[in-house]
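Right, one structure below, let's go through it.
Chains as they are written, first to last, in this note's numbering: chain X, 9 to 138; chain S, 204 to 292.
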């Protein structure tokens with residue numbers, strides 16, 4: 009960093025970790041992720057997903073993180089979408105809503121059918137998916 | 204919970220790959236051309252690659268950094284972590 013890049017009485021910063029994840033399941037309000045790193049309950053972060061060539065982004069609140077027994081260091085991370093902003097063009101919430109709407113009406117997608125993306129639906133019973 | 208248990212969930216045939224970006228506020232103690240020293244509430248792993256957004260009185264600066272050192276310190280009776288970060292770009 010150039011020494012004169014930051015000037016002022018107080019220099020503050022934001023340090024960000026990037027934790028690789030895989031999306032296991034999703035609803036309109038939250039999702040279940042798989043991660044090789046533990047993520048603390050209550051952590052707020054930005055979830056970025058790549059779907060084909062598109063990238064979708066939303067803010068999430070981590071609501072649970074459990075170690076998968078016998079997996080070494082594989083964690084299941086439950087997260088809720090933080091709904092403080094209107095979903096943008098690249099919003100995960102918006103993409104999911106579009107997919108689910110397509111499932112209901114069975115409309116075709118540009119590249120793939122929504123039924124190929126989604127394998128099955130899980131009706132929530134209050135039990136966690138594991 | 205914001206009603207997630209009430210919503211129908213869908214599992215994916217092929218899991219989508221992605222990343223969680225987890226930000227933490229830090230206080231920047233000092234910096235040089237190649238290194239930045241910050242105080243954080245959380246430790247970091249040596250050689251971990253992170254992104255630092257730094258803001259002074261001017262526009263903010265974003266840089267990729269590598270953790271060179273993470274040492275616990277006691278500040279005002281509270282355990283914090285002093286990180287030495289090497290600028291990588």
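Note that the Cβ used here is the ideal one computed from N, Cα and C, for glycine as well. Because the structure is a prediction, the values reported are computed rather than measured.
What residue from the options has the CA that sits closest to residue i's CA?
| i | options | result |
| --- | --- | --- |
| residue 287/S | 218/S, 214/S, 251/S, 211/S | 251/S |
| residue 23/X | 220/S, 216/S, 227/S | 227/S |
| residue 51/X | 85/X, 33/X, 61/X | 85/X |
| residue 19/X | 215/S, 266/S, 232/S, 213/S | 232/S |
| residue 272/S | 238/S, 210/S, 258/S, 225/S | 238/S |
| residue 253/S | 277/S, 235/S, 241/S, 213/S | 241/S |
| residue 72/X | 107/X, 35/X, 25/X, 47/X | 47/X |
| residue 66/X | 25/X, 37/X, 109/X | 37/X |
| residue 229/S | 235/S, 283/S, 269/S, 292/S | 283/S |
| residue 269/S | 278/S, 290/S, 285/S | 290/S |
| residue 245/S | 92/X, 107/X, 25/X | 25/X |
| residue 281/S | 247/S, 243/S, 235/S, 263/S | 243/S |
Based on DSSP bridge pairs, tell me the residues matched to residue i.
| i | result |
| --- | --- |
| residue 26/X | 224/S |
| residue 43/X | 29/X, 83/X |
| residue 289/S | 238/S, 269/S |
| residue 88/X | 38/X, 69/X |
| residue 281/S | 278/S |
| residue 21/X | 229/S, 257/S |
| residue 243/S | 229/S, 284/S |
| residue 264/S | 257/S |
| residue 63/X | 58/X |
Check for me: the beta strand (DSSP E) holding residue i runs from which residue to which?
| i | result |
| --- | --- |
| residue 254/S | 252 to 258 |
| residue 54/X | 52 to 59 |
In chain B, which residues lie less than 7 angstroms from residue i when you measure between Cβ atoms?
| i | result |
| --- | --- |
| residue 222/S | Chain labels in this structure do not include chain B; the protein chains are X and S. |
State yes or no: is the C-beta of residue i nearer than 7 angstroms to some heavy atom of the ligand NAD?
| i | result |
| --- | --- |
| residue 271/S | Absent from the structure shown: the ligand NAD. Ligands present: none. |
Legend entry - Validate contact between the stretch 217 to 224 of chain S and the stretch 51 to 63 of chain X using beta carbons, cut 8 angstroms, 3 pairs: yes
Inset, instruction - Could you tell me whether the stretch 32 to 44 of chain X touches the stretch 75 to 93 of chain X, using the rule of 3 or more Cβ pairs below 8 angstroms? - result: yes
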